[in-house]
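Undergrad:
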Amino acid sequence: MRKIPLLAALFFGLSTAAASAQDWKPIQDVLGRKGKVDEGILRITFPRSDLKVSLKGIPVPADLALDTWYGFWPQPDGKMMLMGDTVVQESELAGVLEEVRRQGLEITAIHNHLAGETPHILFTHMSGMGDGVDLARKAKAVLARTKAPTGEEPEKKKSTVDWSAVTSVLGKPAETEGTMIEFAFQRAEKLSMMGHEMPSTDALETAPEVKLNMLKDGKAVSYGEMILVADEVNPVFQALTEHGMTVNALHNHMVREEPRLFFMHWWGVGQPKELATGLRAALDKMNVRNASKE
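The sequence shown begins at 1 in the numbering used here and counts up one residue at a time.
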């Protein structure tokens with residue numbers, strides 16, 4: 001009667017050991033940043049801090065909504081899968097798309113995440129499969145077609161906001177930095193990409209993500225992406241809009257995932273706890289497993 005649990009424990013132990021044994025340094029050296037590892041996947045970000053973007057007079061911080069990112073996902077056959085999103089101005093779009101094609105990568109989506117922002121920003125999602133270092137070089141070549149700052153990662157800022165009213169509604173875990181708080185909520189069902197089980201993680205942006213940024217007047221901005229299956233799209237849309245948030249986009253980010261996933265982006269301004277209440281209403285329409293309250 002103990003065989004199945006023991007085998008399961010052995011399997012997961014080996015999986016964890018394999019993930020922890022992954023040598024990320026060659027990829028980190030190519031891109032010049034250490035990034036962060038979650039669920040055995042390396043994510044390296046390049047916030048577009050060179051851009052001064054605003055929406056209806058409100059500044060849009062780079063780490064709130066303007067992160068270029070590349071995720072490196074080890075595959076069972078020893079290859080690496082690259083998934084990423086390059087943030088571009090309209091003047092950079094053609095060059096980035098040309099470089100994606102030249103590097104033999106696949107484009108999986110081109111679209112907006114915001115609406116009404118100045119200047120207009122586009123998001124170009126791509127993927128690739130192969131050797132990790134080679135994929136890092138390809139990602140670096142794509143990134144070089146933009147003016148995104150590179151070099152060492154910016155030092156993390158200490159949180160300056162009491163978010164207890166928000167965490168009491170949305171729960172934890174949450175990450176805080178400066179004037180921002182970020183939550184990630186894992187999808188509960190099994191996800192897969194090209195036949196391989198795919199983690200629900202912010203390292204691949206396959207986990208619904210909620211961010212709030214405090215403004216000087218005591219209000220906050222809410223932004224993020226709800227990752228949905230088909231039956232959740234309209235209930236979540238209704239929950240967000242009924243709580244005063246504007247849905248800016250609904251689209252794909254990937255092309256070969258199962259089940260099919262829809263990404264809904266929104267923008268809201270208001271009292272932090274009121275925004276959290278609206279986000280809670282949306283999360284309650286979704287099959288997520290770590291959205292419990294405190």
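Glycine residues also receive a C-beta, built at the ideal position from the N, C-alpha and C atoms.
1. Would you list the residues sitting across from R43 in a DSSP beta bridge?
2. Note the first and the last residue of the continuous alpha helix (DSSP H) segment covering D134.
3. Compute the Euclidean distance between the alpha carbons of M180 and P259, then round it to the nearest angstrom.
4. Could you check which residue in E106, L42, L31 and R33 has the C-alpha nearest to that of A21?
5. Looking only at its chain, what residues have a beta carbon closer than 7 Å to the beta carbon of K157, apart from the 5 residues adjacent to it on each side?
6. Give a yes or no on contact between the stretch 186-202 and the stretch 59-68, applying the rule of three or more CB pairs nearer than 8 Å.
7. Name the DSSP beta bridge partners of P59, please?
8. Shortest alpha-carbon distance to H113 belongs to which of A239, N234 and E225?
9. Quick one, are the C-beta atoms of E182 and K211 less than 9 Å apart?
10. Check the C-beta distance from N252 over to F263 and give it rounded, since I have them as a contact under 8 Å.
11. By alpha-carbon positions, which one of A141, P59 and K273 ends up nearest to E117?
12. So T296 is in the beta strand (DSSP E); what residue range does that whole segment cover?
13. Return the chain-ordered ranges of every alpha helix (DSSP H) run that is complete within the stretch 128-210 and spans a minimum of 4 residues.
14. Using 10 angstroms around the beta-carbon of L10, count the other beta-carbons present and answer buried if the total reaches 16, otherwise exposed.
15. Report the CB separation of T206 from F46 in whole angstroms; it is logged as a contact under 8 Å.
TA: Reading off the structure:
1. K36 and G71
2. G132 to L143
3. 31 Å
4. L42
5. E177 and G178, listed in sequence order.
6. Verdict: no, contact absent.
7. S54
8. E225
9. Contact: yes.
10. Confirmed, Cβ separation roughly 7 Å.
11. P59
12. For residue 296 there is no data in the structure shown, the boundaries of the chain being 1 and 294.
13. 132-143 and 164-170
14. For L10, the pLDDT reaches just 42, beneath the cut-off of 50, and the residue's location in the model is therefore unreliable, leaving the point undetermined.
15. 20 Å between Cβ atoms; not a contact.
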